[in-house]
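Input: a single structure, listed below in structure tokens.
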Amino acid sequence: MRRAAQGIASLVKQKNITSPVVRNAAQGFVEASSAMEGSIAPFGARHASRQLLQQRMKSVGNIAKITLAMKMVAASRLRMAQNRVEQSRGFWVPMAKLLGDCPDVDVPKNLTVAITSDRGLCGGINSTVSKVTRATLNSVEAMGQAEDKVNKLVILGEKGRAQLIRDQHSIINMVAVDWTKNAAGPSFTAASMIADEIIKVEHDVARIIFNRFKSAISFLPTVATVASAEVNDKRCEMGGIMDEYEIEEEDRTPLLVDMAEFQLAAVLHNGMLENQASELGSRMSAMDSSTKNAKEMLEKLTLTYNRSRQAAITTELIEIISGASALEG
Amino acid sequence: MSSAYWRVAGMSYVKYANLCADVVRSVLKDQHVVTAKARENVYFKTTEWANGVPGASVITEIKSAATK
């Protein structure tokens, strides 16, 4: 009886019985120590967990807003990135038509260039490129009979560096990052300067790995092969490429060197742009599903919160009523 | 015909082509030159690696003089 009376007394002290949200946990604990000694749980315990729930709801709501904003930003950038991709195709397509693309060429010095993004929260495209890079490096070692097979790796993009550094750090020659810092997309000038650095790495064939942008939901990991001038020289001699053109013997080698360098820059430029468009599309869908999940989570939390609020109100009503009936009886 | 003059000077074809592009961009008329000059701007950071250890990072930045 005394306990019930004490319960009523503490209830009367409180300002607002029907909306316990207004009270803070500290107030509840102070009242618990003063009003209800020997009770099962401190009076504030109920409110503390509801306040935690409220904090969680607020943070989940913020996450939903942020991911929605990121999706909008990625969607608006994607349109411009797609234009840039289409305009860059005019450089590498004619080179590929002329010189061909043979990823299974068997030569000693193999260079692999992995193009990834600098920023995260873009879905699985960077881990796809890392996987394909590892598979390429392994298959190069396993294939063919060329002796002294050497694998070299160049990484473009911070995410690729973070993923490939663990097991491939011994074969990395160069890492390039931050090319989207001041510009929306890599210009041909920027891609050329990076290609210049790659040309300095001695190689017989360069395999450039990136995500080709097929559509806003489809990004295909692609391996583009650029053979060096010496390899193309041998292929010219064997016939099959550049058969339609009259080239003097002594002119052919400098011509092929120029073409190999330009093909590397063109393919690299296109690869960087396609990967950027893929990154934006992937980020768009990743942020979209993140927003959806956050909203679902918020709904569930709201239901739990309302249930606990109603349970608290019901408990207080029971206390009042039982206290009142105890007084009567 | 031996190597071209720019090859003898140590340039790759890519560098030569970009220098030619710079020259072409500089002779454009006023309303086109601003958008074209923007394509000359470059920023990236490279790190040379040797034996599994990264070297010093080098930031390459080119800001062509803003016109008008």
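Protein sequences, first through last, are from chains A and B. Its first residue numbered 45, the first sequence is counted upward by one per residue in my numbering. Its first residue numbered 8, the second sequence is counted upward by one per residue in my numbering. For every residue, glycine included, the Cβ atom is placed at its ideal position computed from N, Cα and C.
If you draw a straight line from the C-alpha of V30 (chain B) to the C-alpha of K244 (chain A), how long is it? Taking the first residue of the second sequence as position 1, residue 30 (chain B) is located at position 23. Taking the first residue of the first sequence as position 1, residue 244 (chain A) is located at position 200. Approximately 25 Å, taken between the alpha carbons.
Just the C-alpha distance for Y12 (chain B) and S19 (chain B), rounded to the nearest angstrom, thanks. Within the second sequence, numbered from 1, the residue matching residue 12 (chain B) stands at position 5. Within the second sequence, numbered from 1, the residue matching residue 19 (chain B) stands at position 12. Each residue's Cα considered, the two are about 11 Å apart.
Which residue from A:R94, A:I362, A:S352 and A:E318 puts its Cα closest to that of A268 (chain A)? Working through the first sequence from its first residue, we reach residue 268 (chain A) at position 224. Comparing Cα positions, the closest option is A:E318.
Name the residue from B:R14, B:G17, B:N58 and B:I69 whose alpha carbon lies nearest to the alpha carbon of K44 (chain B). Indexing the second sequence from 1 puts residue 44 (chain B) at position 37. Closest by alpha carbon: B:I69.
For K203 (chain A), is the classification buried or exposed, using 16 other Cβ atoms within 10 angstroms of its Cβ as the cut-off for buried? If you number the first sequence from 1, residue 203 (chain A) lands on position 159. Buried, by the Cβ-count rule.
Distance cutoff 8 Å, beta carbons only. Does G59 (chain B) sit that close to anything in chain A? Along the second sequence, read from residue 1 onward, the residue named residue 59 (chain B) stands at position 52. At least one chain A Cβ lies under 8 Å of G59 (chain B).
Kindly indicate the opening and closing residues of the alpha helix (DSSP H) around W13 (chain B). As a first step, residue 13 (chain B) must be located in the second sequence, where it is residue number 6. Run containing W13 (chain B): Y12 to V15, per the alpha helix (DSSP H) assignment.
So, with DSSP's three-state summary, where would you put A63 (chain B)? Looking up residue 63 (chain B) in the second sequence gives position 56. Reduced to three states, the DSSP call for A63 (chain B) is strand.
For I357 (chain A) and chain B, any beta-carbon pair shorter than 8 Å? As a working mapping, residue 357 (chain A) is identified with position 313 in the first sequence. Output row for I357 (chain A): interface = no.
Short CB-CB distance (under 8 Å) between H213 (chain A) and chain B: Residue 213 (chain A) sits at position 169 when you count from the first residue of the first sequence. Yes, because at least one Cβ of chain B sits closer than 8 Å to the Cβ of H213 (chain A).
How would you call P147 (chain A), buried or exposed, if buried means at least 16 neighbouring beta carbons within 10 angstroms? Residue numbering aside, residue 147 (chain A) sits at position 103 when the first sequence is read from its first letter. Exposed, since its Cβ has fewer than 16 Cβ neighbours within 10 Å.
Run through DSSP, which three-state label would R46 (chain B) get? Residue mapping note: residue 46 (chain B) aligns to position 39 of the second sequence, counting from 1. Note: R46 (chain B) maps to coil in three-state DSSP.
Confirm, please, whether the CB-CB distance from R128 (chain A) to G229 (chain A) is below 8 Å. To locate residue 229 (chain A), count along the first sequence from 1; it is residue 185. To locate residue 128 (chain A), count along the first sequence from 1; it is residue 84. Yes.
Please determine, among A:G188, A:V157 and A:A321, the residue with the shortest C-alpha to C-alpha distance to E130 (chain A). Within the first sequence, numbered from 1, the residue matching residue 130 (chain A) stands at position 86. With distances taken between Cα atoms, E130 (chain A) lies closest to A:A321.
Contact between the stretch 346 to 358 of chain A and the stretch 97 to 111 of chain A: three or more CB pairs below 8 Å? yes
Cα-Cα, which of A:H247, A:A108 and A:Q189 is closest to N401 (chain A)? The shown model of chain A, from 45 to 373, leaves out residue 401 (chain A), and the question about it has no answer.
Could you compute how far the alpha carbon of P152 (chain A) sits from the alpha carbon of K278 (chain A)? As a first step, residue 152 (chain A) is located in the first sequence; it is residue number 108 there, counting from the start. As a first step, residue 278 (chain A) is located in the first sequence; it is residue number 234 there, counting from the start. P152 (chain A) and K278 (chain A): Cα-Cα distance of roughly 15 Å.
Buried/exposed call for I215 (chain A), threshold 16 Cβ in 10 Å: Position 171 of the first sequence, counted from the start, is the residue given in the question as residue 215 (chain A). Result: buried.
Relative to chain A, which residues along the stretch 22 to 38 of chain B have a C-beta separation below 9 Å, given in chain order? K22, Y23, A24, N25, A28 and D29
Please report the straight-line C-alpha distance between R351 (chain A) and S93 (chain A), rounded to a whole angstrom. Position 307 of the first sequence holds residue 351 (chain A). Position 49 of the first sequence holds residue 93 (chain A). Rounded to the nearest angstrom, the two C-alpha atoms are 13 Å apart.
Taking Cβ-Cβ distances shorter than 8 Å, what residues in chain A pair up with K44 (chain B)? For this step, residue 44 (chain B) is matched to residue 37 along the second sequence. None at all; the shortest Cβ gap to chain A is about 11 Å.
Applying the 10 Å Cβ sphere with the 16-neighbour rule, what's the burial state of A16 (chain B)? Position 9 of the second sequence holds residue 16 (chain B). Exposed, because fewer than 16 other Cβ atoms sit within 10 Å of the Cβ of A16 (chain B).
Would DSSP call P265 (chain A) helix, strand or coil? Position 221 of the first sequence, counted from the first residue, corresponds to residue 265 (chain A). Strand, per DSSP.
When A:G105, A:N217 and A:A273 are compared against E55 (chain B), the one with the closest alpha-carbon: In the second sequence, residue 55 (chain B) corresponds to position 48, counting from 1. Of A:G105, A:N217 and A:A273, the residue nearest in Cα terms is A:N217.
Between the CA atoms of N48 (chain B) and N206 (chain A) - distance to the nearest angstrom: The count along the first sequence starts at 1 and reaches residue 206 (chain A) at position 162. The count along the second sequence starts at 1 and reaches residue 48 (chain B) at position 41. Asn is not the amino acid found at residue 206 (chain A); the sequence shown has Ala there. A206 (chain A) and N48 (chain B): Cα-Cα distance of roughly 27 Å.
Excluding five sequence neighbours on each side, which residues of the same chain lie with their C-beta closer than 8 Å to the C-beta of M236 (chain A)? To locate residue 236 (chain A), count along the first sequence from 1; it is residue 192. For the sequence presented, residue 236 (chain A) should be read as Ser rather than Met. A309 and H313.
Put M279 (chain A) into one of helix, strand or coil per three-state DSSP. If you number the first sequence from 1, residue 279 (chain A) lands on position 235. The displayed chain sequence assigns Arg, not Met, to residue 279 (chain A). Correct three-state label for R279 (chain A): helix.
Distance cutoff 8 Å, beta carbons only. Does V225 (chain A) sit that close to anything in chain B? Here residue 225 (chain A) corresponds to residue number 181 of the first sequence, with the count starting at 1. The question names Val, but residue 225 (chain A) in the sequence shown is Lys. Closer than 8 Å: yes.
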